[in-house]
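Counting from 634, one number per residue, gives the positions in the sequence shown under our numbering. C-beta atoms are modelled at their ideal positions from N, C-alpha and C, and glycine is treated no differently. What follows is a set of notes on a single structure, which appears directly below.
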Amino acid sequence: MIRYAKFWAITDQDRPLVFQPLAQNDRGGLTLVVRTEGDPVGLAPAVRQIVRQLDPDLPLSNVQTMDQQIAHSALGLMPLRAGALLSGVQGTIALVLAALGIFGLVSFAVTQRTREIGIRMALGAGAGEVIRMVTRDGLRLVVIGLVLGLLLALGLTRGLAGLLYGVSPTDATVFLAVPALVLSIAVLACWLPARRATRVNPNEALRAE
Numbered sequence: 634m635i636r637y638a639k640f641w642a643i644t645d646q647d648r649p650l651v652f653q654p655l656a657q658n659d660r661g662g663l664t665l666v667v668r669t670e671g672d673p674v675g676l677a678p679a680v681r682q683i684v685r686q687l688d689p690d691l692p693l694s695n696v697q698t699m700d701q702q703i704a705h706s707a708l709g710l711m712p713l714r715a716g717a718l719l720s721g722v723q724g725t726i727a728l729v730l731a732a733l734g735i736f737g738l739v740s741f742a743v744t745q746r747t748r749e750i751g752i753r754m755a756l757g758a759g760a761g762e763v764i765r766m767v768t769r770d771g772l773r774l775v776v777i778g779l780v781l782g783l784l785l786a787l788g789l790t791r792g793l794a795g796l797l798y799g800v801s802p803t804d805a806t807v808f809l810a811v812p813a814l815v816l817s818i819a820v821l822a823c824w825l826p827a828r829r830a831t832r833v834n835p836n837e838a839l840r841a842e
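In structure tokens:
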């Protein structure tokens, strides 16, 4: 009997397999797969009883559901989950470094524009106007970087499609949630130096070089 199924890894493409009767190809160790529409865990005692009726001396061990088998198999989801965990840790580190970089860059820009901010405040600019100006200038480069990063990510998804399982390479949730998270962190990283800029004393700022 010929059927199409995966052979080694869960990410493999379906391939034609030949299933032979046990009497024609007995290799000792066997795996019994039972399909059910109900709770597979509750079916285990019935399967054990049937096996004992067929052969009381036949040992039956390692009874588990297909989800458990896939989750713990060396060629199942375990390597994918390990890769996802590692990628998540690397992504978190990159996100923290990006936030620190934005904060440092905006802080440096605010320091360089101390005299300009002092002049604006001396001429009547309010704190809200200063915050909007500093935040807008800081977010401009962030938005440009996000757009370029999304375009680059879309171009690389084809090469990553073979490494993904159960997730679309162009998942809309990911492509919307990640930029939103980065933008939120960028807003916070820009707001802190902007808030500090509103505390600049105009008299001291005018004397700054």
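Inset, instruction - Throw me the rounded Cβ distance for the V680 and L691 pair, which I believe falls under 8 Å. - result: Actually they are not in contact, since the Cβ atoms of V680 and L691 sit about 12 Å apart, beyond 8 Å.
Legend entry - Counted within 10 angstroms of its Cβ, other Cβ atoms place F652 as buried (16 or more) or exposed: Under this definition F652 is an exposed residue.
Inset, instruction - Could you check what DSSP says for L691 in three-state terms: helix, strand or coil? - result: Coil, per DSSP.
Inset, instruction - Please work out which residues of its chain come closer than 8 Å, Cβ to Cβ, to A786, disregarding the five sequence neighbours upstream and downstream, and give them in chain order. - result: Result list for A786: F808, in chain order.
Legend entry - CB-CB length for I764 against T831, believed under 8 Å: The pair is a contact, with the Cβ atoms about 6 Å apart (cut-off 8 Å).
Inset, instruction - Taking I752 and C823 to be in contact with their CB atoms under 8 Å, please state how far apart those CB atoms are, rounded to whole angstroms. - result: With 8 Å as the limit, I752 and C823 do not qualify as a contact, their Cβ atoms being about 21 Å apart.
Inset, instruction - Would you kindly work out how many angstroms separate the C-alpha atoms of E762 and A732, rounded to a whole number? - result: Using only the alpha carbons, I get a separation of about 23 Å.
Inset, instruction - Assign T669 to one of three DSSP states: helix, strand, or coil. - result: Assignment of T669 by DSSP, reduced to helix, strand and coil, places it in the coil class.
Inset, instruction - Pull up the distance between the alpha-carbon of S740 and that of P826, whole angstroms please. - result: Cα to Cα, the separation comes out at about 5 Å.
Legend entry - L665 versus D672, R791, T698, residue with shortest Cα-Cα distance: Nearest option by C-alpha distance: T698.
Inset, instruction - Specify the secondary structure class of L756 as computed by DSSP and reduced to three states. - result: Correct three-state label for L756: coil.
Inset, instruction - Please name the residue, chosen from V767, A758, G759, V820, that lies closest to Q745 on a Cα-to-Cα basis. - result: Of the listed residues, the one whose Cα sits closest to Q745 is V767.
Legend entry - Cα-Cα separation, L781 to V775: C-alpha separation (whole angstroms): 10 Å.
Inset, instruction - With a threshold of 16 other CB atoms inside 10 Å of the CB of V743, please say whether the residue is buried or exposed. - result: The residue is buried, with at least 16 neighbouring Cβ atoms inside 10 Å.
Inset, instruction - Check T831 in the structure and name its three-state DSSP category. - result: The DSSP-derived three-state label of T831 is coil.
Legend entry - Q702 - DSSP class collapsed to helix/strand/coil: Looking at Q702 - three-state DSSP - the assignment turns out to be helix.
Legend entry - Three-state secondary structure (DSSP) of S720: Reduced to three states, the DSSP call for S720 is helix.
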